[in-house]
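S.K.:
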DNA sequence: TATTGTTATACTCTATAACTATA
DNA sequence: TATAGTTATAGAGTATAACAATA
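Chains as they are written, first to last, in full-length UniProt numbering: chain A, 1 to 164; chain B, 1 to 164.
So this is what it looks like as structure tokens:
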């Protein structure tokens, strides 16, 4: 799996820039998470560009589609981002005609979000783009590595001590 | 390890917001990488705030310290970010008195970067802050999970198809 | 008082385009 | 022509503070 029957070759970022002394910077987990995140986000942004949506906007469309009438507060809780941050995505999506905001009749503070026909079309195409993108970036991983990665990331996320 | 001797409980993001239909959004790897990245970055930013540096600025200081006289181009290659992006961090670090830029005598196009005494102090304190931060966020992981995470992230990074 | 949404503002990280100076 | 650095500008994603409307 890892090559010939010698000691497993350790592949590190050192091999990418051999002339630099990394001084153990590559033992910082956050660095690698950040690098891989940038890789995923920037590639996906390019794929989604023709559809005039960003990765986070698609995630919002995705959940609104599956939960018609959902409130911004619910999205804020799911993504663990602040309400004004959610609102910014929602505002852009409404401006671009992918989403509408219908005030709730039960609680007039809250709005309910729905996709437009155009929003549904964009979501369908975006899901296809995401599927191709994820397939492309994870072909090197075995099925077991993929599921381990999901499991470990989830464990990190769920075990994080509360803010403050 | 995972609880009583029943089928391993699957812990997902669904359990965080039970009332939402996720419609398989949680099968998108990029979402989890992004969430964990935000977790790491935002926590570290708060820890570094008293030192007046950001996570990326510390990474720059770290490499300049280990490679006195390094060029911005080398940093650009290591971090896989564009030269103007590196320059922005460098400019801020110089402005804050943590870095100096001494033009090379061999190639007057290039500058060489060095830490100031204050930069060295901030780096030392930042490394301590990062060590505590990483320890705090990864305590839930076993040693094997940690090394698997490093290995899989590195594999993703190194196997990524070239841009375009 | 508490919740929902909104507006204004700002910060971090990233990019592209276009420029200067040097090799 | 190619490389190193710089400047200007922009965009994605995030936050906090303060406010209005509603419950």
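Note that the Cβ used here is the ideal one computed from N, Cα and C, for glycine as well.
Note down, in chain order, each residue of its chain lying with its Cβ closer than 8 Å to the Cβ of residue 132(A), except the 5 sequence neighbours on either side.
M.R.: So the list reads 47, once near-sequence residues are dropped.
S.K.: Can you find the residues in the same chain that come closer than 7 Å, C-beta to C-beta, to residue 190(A), ignoring five residues on each side of it along the sequence?
M.R.: Residue 190(A) is absent from the model: chain A starts at 1 and stops at 164.
S.K.: Just list the residues that DSSP pairs residue 134(A) with in beta bridges.
M.R.: Paired residue(s): none; residue 134(A) is not in a bridge.
S.K.: Quick check: the Cα distance between residue 119(B) and residue 135(A), rounded to an integer number of angstroms?
M.R.: When rounded, the distance between both Cα atoms is 43 Å.
S.K.: Do the segment 20-37 of chain B and the segment 33-41 of chain A make contact, defined as three or more Cβ pairs closer than 8 Å?
M.R.: Counting Cβ pairs under 8 Å, three or more are found: they touch.
S.K.: Less than 8 Å between the CB atoms is what I'm expecting for residue 116(A) and residue 98(A), so what's the real figure, rounded?
M.R.: With a Cβ gap of about 6 Å, residue 116(A) and residue 98(A) count as contacting.
S.K.: Counting only beta-carbon atoms, is residue 147(B) nearer than 8 Å to chain A?
M.R.: It does not: the Cβ of residue 147(B) has no partner Cβ on chain A nearer than 8 Å.
S.K.: What does residue 37(A) reach in chain B if we use C-beta pairs closer than 7 Å?
M.R.: Ordered by position in chain B, the residues that pass the 7 Å Cβ test against residue 37(A) are 33, 34, 37.
S.K.: Have a look at residue 28(B) and residue 146(A) and give me their C-alpha separation to the nearest angstrom.
M.R.: Roughly 11 Å separates the two Cα atoms.
S.K.: For chain B, check one thing: does any of its Cβ atoms lie closer than 8 Å to the Cβ of residue 155(A)?
M.R.: Yes, contact with chain B.
S.K.: What number of angstroms, rounded off, separates the C-alpha of residue 114(A) from the C-alpha of residue 104(A)?
M.R.: Cα-Cα distance, rounded: 12 Å.
S.K.: For residue 95(B) and residue 121(B), what's the separation of their Cα atoms in angstroms?
M.R.: Distance between the alpha carbons of residue 95(B) and residue 121(B): 16 Å.
S.K.: Within 8 Å of any Cβ in chain A, is that where the Cβ of residue 143(B) sits?
M.R.: Residue 143(B) does not count as touching chain A.
S.K.: For the UniProt domain "HTH marR-type" (22-158) of chain B, list the beta strand (DSSP E) runs that are entirely contained and at least 3 residues long, ordered along the chain.
M.R.: Counting whole runs of 3 or more residues, the UniProt domain "HTH marR-type" (22-158) of chain B contains the beta strand (DSSP E) stretches 99-103, 111-115.
S.K.: For the 8 Å Cβ check, are there 3 or more pairs between the segment 17-24 of chain B and the segment 68-76 of chain B?
M.R.: Taking 8 Å as the limit for Cβ pairs, the verdict is that the segment 68-76 of chain B does not touch the segment 17-24 of chain B.
S.K.: With a threshold of 16 other CB atoms inside 10 Å of the CB of residue 101(B), please say whether the residue is buried or exposed.
M.R.: Classification for residue 101(B): exposed.
S.K.: Whole angstroms is fine: what's the gap from residue 13(A)'s alpha carbon to residue 143(A)'s?
M.R.: So the alpha carbons of these two residues sit roughly 24 Å apart.
S.K.: Give me the Cα-Cα distance between residue 106(A) and residue 79(A), rounded to the nearest whole angstrom.
M.R.: Straight-line Cα distance between these residues: approximately 25 Å.
S.K.: Comparing alpha-carbon positions, which option in 87(B), 138(B), 157(B) lies nearest residue 157(A)?
M.R.: Among 87(B), 138(B), 157(B), the Cα nearest to that of residue 157(A) belongs to 138(B).
S.K.: Report all residues from its chain with a CB closer than 8 Å to the CB of residue 44(A); omit the five preceding and five following residues, and keep chain order.
M.R.: Cβ within range, chain order: 55, 129, 130, 133.
S.K.: Which word fits residue 159(B), buried or exposed, when buried means at least 16 other C-beta atoms lie within 10 angstroms of its C-beta?
M.R.: With fewer than 16 Cβ atoms within 10 Å of its Cβ, residue 159(B) is classed as exposed.
S.K.: Report the option in 126(B), 111(B), 16(B) whose CA atom is closest to the CA atom of residue 52(B).
M.R.: Residue 126(B) is the option with its Cα nearest to residue 52(B).
S.K.: Using beta-carbon positions only, say whether residue 163(B) and residue 141(A) come within less than 8 Å of one another.
M.R.: No. Outside cutoff.
S.K.: Throw me the rounded Cβ distance for the residue 59(A) and residue 25(B) pair, which I believe falls under 8 Å.
M.R.: Contact holds; Cβ gap of about 6 Å.
S.K.: With a 10 Å radius around its C-beta and 16 neighbouring C-beta atoms as the bar for buried, classify residue 69(B) as buried or exposed.
M.R.: The residue in question, residue 69(B), is exposed, as its Cβ has fewer than 16 Cβ neighbours within 10 Å.
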